[in-house]
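Q:
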Amino acid sequence: MGLMASNAAMAQAAYPNKPIRLVVTFPTGGAPDILARLFSEKAQLGQPIVIDNKPGAGGNIGSDIVAKSAGDGYTLVMGTVGTHSINGALYEKMPYDMVKNFTPISLIASAPNLLVVNNDLPVKTVPELIAYMKANPNKLSFGSPGIGTSVHMSGELFKSMTGTSMTHVPYKGRQFFIPDLIGGSIQLVFDNMPSALPMAKEGKIRAIAQTTAKRSPAAPDIPTVAESLPGFEATTWFAMFAPANTPKAVIDRLNAEALRVFKLPEVAERLKTLGLDPVLSSSEELGKYQASEIVKWAKVVKDSGAKAE
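Following our numbering, the numbering of the sequence shown begins with 139 at its first residue and continues without gaps.
1) Measuring straight from C-alpha to C-alpha, what distance separates K192 and N198?
2) Examine chain B for any beta-carbon lying closer than 8 Å to the beta-carbon of P170, and answer yes or no.
3) Out of curiosity, what's the CA-to-CA distance linking K297 and Q313?
4) Between N251, P260 and A382, which has its C-alpha nearest A208's C-alpha?
5) Would you mind stating whether T349 and F328 have Cβ atoms separated by less than 8 Å?
6) Would you tell me roughly how many angstroms separate the C-alpha atoms of Q325 and V255, rounded to the nearest one?
7) Just the Cα atoms here: how many angstroms apart are L214 and G369?
8) Helix, strand or coil: how does DSSP classify G281 here?
9) Can you give me the C-alpha to C-alpha distance between A205 and T166, rounded to a whole angstrom?
10) Could you give the first and the last residue of the continuous alpha helix (DSSP H) run that contains G390?
11) Helix, strand or coil: which one does DSSP assign to L141?
12) So is P332 buried or exposed if we call it buried at 16+ other beta carbons inside 10 Å?
13) Between G286 and A446, which are expected to be in contact by the criterion C-beta below 8 Å, what is the C-beta distance as a whole number of angstroms?
14) Do you know how far the Cα of K156 is from the Cα of Y212?
15) Closer than 8 Å is the cut-off here; do at least three beta carbon pairs connect the segment 388-398 with the segment 216-228?
16) Ignore the nearest five residues each way along the sequence and tell me which others in L412's own chain have a CB closer than 6 Å to its CB.
17) Taking 8 Å as the limit between beta carbons, can you name the residues of its chain near V264, skipping five residues before and five after?
18) Give a yes or no on contact between the segment 429-442 and the segment 273-280, applying the rule of three or more CB pairs nearer than 8 Å.
19) Under the three-state reduction of DSSP, which class applies to Y153: helix, strand or coil?
20) Rank V261, M299 and G217 by C-alpha distance to the C-alpha of A174 and give the top, closest one.
21) Tell me the DSSP secondary structure of P329 in three-state form.
22) Tell me I187's beta-bridge partners as DSSP assigns them.
23) Starting from N251, trace the beta strand (DSSP E) in both directions and tell me its first and last residue.
24) By how many angstroms is the C-alpha of G200 removed from the C-alpha of P186?
25) My guess is that N330 and N257 are in contact by the Cβ rule of under 8 Å, so how many angstroms apart are they, rounded?
26) Any idea if S244 is buried or exposed, counting beta-carbon neighbours within 10 angstroms, 16 or more meaning buried?
27) A377 by DSSP, collapsed to three states: which one?
28) Helix, strand or coil: which one does DSSP assign to T163?
Shown next, in the form of structure tokens:
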């Protein structure tokens with residue numbers, strides 16, 4: 139027994155002694171992929187970190203691979219608010235348990251969604267939008283890149299907190315709803331800031347508000363929804379998780395490296411240009427935050443009646 143315990147301790151001390159696989163649950167080019175690649179480039183663990191994009195089912199396919207992997211620190215996932223907080227309430231049958239099958243490593247970054255409207259919609263502020271929606275029930279449609287995304291759920295939260303109604307139109311991806319928003323066949327979207335802000339700056343659409351509790355440094359002139367609707371907050375967040383039962387020594391090593399990498403000035407600068415805020419945490423802090431987000435989004439999903447198709 140003593141020999142086995144000391145062998146296990148030696149294995150942990152030598153971690154990592156082979157390449158680490160970091161699964162990204164969405165296609166290349168999105169925020170989770172960018173964050174994973176920054177970590178892979180800058181980490182100094184003595185072994186390569188191999189990025190493995192496994193998109194599909196709102197991130198469930200990639201997350202499930204990690205949920206069913208050995209808890210040895212060699213398979214990790216860049217999780218999102220969807221994969222680790224929203225999907226459990228949205229999908230009738232989840233292939234994994236968002237809490238029991240994972241060990242939290244660290245929060246990495248968050249981003250506001252931006253409430254943007256078609257230029258012809260006669261509203262410039264959140265109170266004006268609420269008044270318009272109350273005067274014109276069900277007249278407006280809002281788009282999203284899919285059911286259960288933070289873009290969709292931001293709209294559902296807005297409806298439930300304002301007692302208004304509008305129609306949700308899910309698209310296969312962001313590139314499909316942008317032309318419809320500009321053209322006016324949908325009137326508003328709670329889009330991710332990194333993609334919506336440049337178009338608002340070009341004048342193609344109008345930015346009304348951002349969905350985080352505080353204004354993002356990337357858009358200090360745009361008010362938050364909460365400034366008119368106290369308590370409104372919908373944050374897109376990204377965090378690293380390992381499978382359940384990963385040893386604490388391994389989690390501590392990965393947590394320390396994540397904190398070091400995302401505090402590097404050049405990495406922080408890159409995130410800022412994308413409208414992403416670095417938000418780092420301990421493993422325990424991520425666990426508590428995830429638990430509070432699961433409760434919050436379960437209520438939004440229930441109130442909205444949203445279901446994953």
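Backbone N, C-alpha and C fix where the C-beta goes; we use that ideal spot for every residue, glycine too.
A: So, from the data block:
1) On the sequence shown, residue 192 is found 54 positions in, with the first residue counted as 1. On the sequence shown, residue 198 is found 60 positions in, with the first residue counted as 1. Near 9 Å, if we compare the C-alpha coordinates of N198 and K192.
2) Absent here is chain B; the protein component of the structure consists of one chain.
3) The residue given as residue 297 occupies position 159 in the sequence shown. The residue given as residue 313 occupies position 175 in the sequence shown. Rounded to the nearest whole angstrom, the C-alpha separation of K297 and Q313 is 24 Å.
4) Translated into positions along the sequence shown, residue 208 becomes position 70. Ranked by how close their Cα comes to the Cα of A208, the residues N251, P260 and A382 have A382 in first place.
5) Walking along the sequence shown from the start, residue 349 turns up at place 211. Walking along the sequence shown from the start, residue 328 turns up at place 190. Inclusion of T349 and F328 in the CB contact set at 8 Å is warranted, their separation being smaller than that value.
6) The residue you call residue 325 lines up with position 187 of the sequence shown. The residue you call residue 255 lines up with position 117 of the sequence shown. Q325 and V255: Cα-Cα distance of roughly 6 Å.
7) The residue labelled residue 214 in the question sits at position 76 within the sequence shown. The residue labelled residue 369 in the question sits at position 231 within the sequence shown. Straight-line Cα distance between these residues: approximately 33 Å.
8) By one-based count along the sequence shown, residue 281 stands at place 143. Strand, per DSSP.
9) Counting from one through the sequence shown, the residue named residue 205 turns up at place 67. Counting from one through the sequence shown, the residue named residue 166 turns up at place 28. Straight-line Cα distance between these residues: approximately 21 Å.
10) Within the sequence shown, residue 390 is the residue found at index 252, counting from 1. With the sequence shown as reference, residue 390 is identified as Asp, and Gly is not the correct amino acid for it. For D390, the enclosing alpha helix (DSSP H) covers residues K386 to F400.
11) The sequence position of residue 141 within the sequence shown is 3, counting from 1. Low local confidence applies: a pLDDT of 49 at L141 is under 50, so the model's placement there is unreliable, and no value is given.
12) Here residue 332 corresponds to residue number 194 of the sequence shown, with the count starting at 1. Burial call: buried.
13) In the sequence shown, the residue the question calls residue 286 occupies position 148. In the sequence shown, the residue the question calls residue 446 occupies position 308. The distance from the Cβ of G286 to that of A446 is about 6 Å, consistent with a contact at the 8 Å cut-off.
14) In the sequence shown, residue 212 corresponds to position 74, counting from 1. In the sequence shown, residue 156 corresponds to position 18, counting from 1. Rounded to the nearest angstrom, the two C-alpha atoms are 8 Å apart.
15) No, they do not touch.
16) Translated into positions along the sequence shown, residue 412 becomes position 274. Excluding positions up to five away in sequence, the list reads P332.
17) As a first step, residue 264 is located in the sequence shown; it is residue number 126 there, counting from the start. If we look at V264 and ignore the five residues flanking it on each side, its Cβ neighbours are L253, I346, A347, P361, V363, E365, S366 and L367.
18) Segments in contact, no.
19) Residue numbering aside, residue 153 sits at position 15 when the sequence shown is read from its first letter. Per DSSP, reduced to three states, the secondary structure at Y153 is coil, with no helix or strand assignment.
20) For this step, residue 174 is matched to residue 36 along the sequence shown. The residue with the shortest Cα to Cα distance from A174 is G217.
21) Here residue 329 refers to the residue found at position 191 when the sequence shown is read from its first residue. Looking at the sequence itself, residue 329 is Asp, so the reference to Pro does not match. Strand, per DSSP.
22) The count along the sequence shown starts at 1 and reaches residue 187 at position 49. In DSSP, I187 forms a bridge with I158.
23) As a first step, residue 251 is located in the sequence shown; it is residue number 113 there, counting from the start. Element bounds for N251: F240 to V255.
24) As a first step, residue 186 must be located in the sequence shown, where it is residue number 48. As a first step, residue 200 must be located in the sequence shown, where it is residue number 62. P186 and G200 have their C-alpha atoms spaced approximately 20 Å apart.
25) The residue labelled residue 330 in the question sits at position 192 within the sequence shown. The residue labelled residue 257 in the question sits at position 119 within the sequence shown. Contact flag wrong, Cβ pair sits at about 20 Å.
26) The residue labelled residue 244 in the question sits at position 106 within the sequence shown. Taking every protein chain shown into account, the CB of S244 has 16 or more other CB atoms within 10 angstroms, so this residue is buried.
27) Residue 377 sits at position 239 when you count from the first residue of the sequence shown. Reduced to three states, the DSSP call for A377 is strand.
28) For this step, residue 163 is matched to residue 25 along the sequence shown. In the structure shown, T163 sits in coil (DSSP, three-state: anything other than H, G, I, E or B).
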